[in-house]
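S.K.: My questions all concern the structure below.
In our numbering, the protein residues as written are 195 to 483.
Now the structure itself:
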């Protein structure tokens, strides 16, 4: 049985804890920021009662100004979850003092330990000193000094042994150009060059899901070639995206009215992707117009 992952994320302010929560949320972790050290155990007991939550990630750090309590709680929690169906790990995000200083200056935010008597440099140095004992007992340490967002995401997947090969969600959207282009597309395919059933009286009222329209369009070689070409390109795109941790791709297929050609092509692509065990959904925006 696969164990439920419980990930306590801590580390230096400005080292990327907010970024990692977003990454983990994208791969279906239940995430929460800034839990007080003294409430961690109660939080976990409560949250683990829910069978709907598979994996959990939460942040607790210097903002509560009680690193000693945080260390004590980590030790207690490790004993509590040493056995059973849960896998508890502590991830510490580190970075160079100079990098953290630059990040704070760029964001124009104050360091949690910074005040009128404590400069940014002194606040960072103090945090390094206070958090070192926690770093020493952490299971995973990530230095984000030179880690770009994409590499950061890849690093997290590697550490968590997450295989995202087939988890990138592909959404196929058919639409009509006359009603505007959807504004959330990653890729757009214009199929208005295909023969148009709109001008054939007995086909006019049907849609690209109906057998008569399918037979009509498949009479033309360019229809089959178009489906094949788009399908093969989407397969490549999905592979590239999944390797970088991209969680979704929105693909638009448009014709003039969004009722015949785009629906036909979208349905064909959807079936082919489904047959390849990919995570795909379909939406015909203008089919009923």
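The beta-carbon is built from N, C-alpha and C at its ideal position, and this holds for glycine as well. Since we're looking at a predicted model, the values are computed, not measured.
#1: Provide the residue(s) that pair with residue 382 in DSSP beta bridges, ordered along the chain.
#2: Here's the rule I'm using: 16 or more other beta-carbon atoms within 10 Å means buried, otherwise exposed. How should residue 267 be labelled?
#3: Comparing C-alpha positions only, which one of 278, 454 and 210 sits nearest to residue 200?
#4: Thinking C-beta only, is residue 299 closer than 7 Å to residue 209?
#5: Taking 7 Å as the cut-off, decide whether the C-beta atoms of residue 203 and residue 216 are in contact.
#6: Counting only the same chain and skipping the five closest in sequence on each side, list residues whose C-beta sits under 8 Å from that of residue 189.
#7: Under 8 Å, with one C-beta from each stretch per pair, do the stretch 451-458 and the stretch 364-372 reach the 3-pair mark?
#8: Three Cβ pairs or more, each shorter than 8 Å: is that satisfied between the stretch 296-313 and the stretch 255-267?
#9: By DSSP's criteria, residue 288 is part of a beta bridge. Which residues make up the other side?
#10: Please name the residue in 234, 249, 236 and 291 whose C-alpha comes closest to that of residue 219.
#11: Can you give me the C-alpha to C-alpha distance between residue 470 and residue 312, rounded to a whole angstrom?
#12: Can you list, in chain order, the residues of its chain whose CB lies under 6 Å from that of residue 297, leaving out five sequence neighbours each side?
M.R.: Let me spell this out:
#1: DSSP lists 446 as the beta-bridge partner residues of residue 382.
#2: Counting every other CB atom within 10 Å of its CB across the protein chains shown gives residue 267 a total of 16 or more, marking it as buried.
#3: Considering only alpha carbons, the answer is 278.
#4: Result no, Cβ atoms of residue 209 and residue 299 do not sit closer than 7 Å.
#5: Cβ atoms of residue 203 and residue 216: not closer than 7 Å.
#6: Only positions 195 to 483 of the chain appear in the structure, and residue 189 is not among them; the question remains open.
#7: The stretch 451-458 and the stretch 364-372 touch, with no fewer than 3 CB-CB distances between them shorter than 8 Å.
#8: Flag = yes, the stretch 296-313 and the stretch 255-267 touch.
#9: Partner(s): 337.
#10: Restricting attention to 234, 249, 236 and 291, the CA atom closest to the CA of residue 219 is found in 249.
#11: C-alpha separation (whole angstroms): 59 Å.
#12: The residues are 208.
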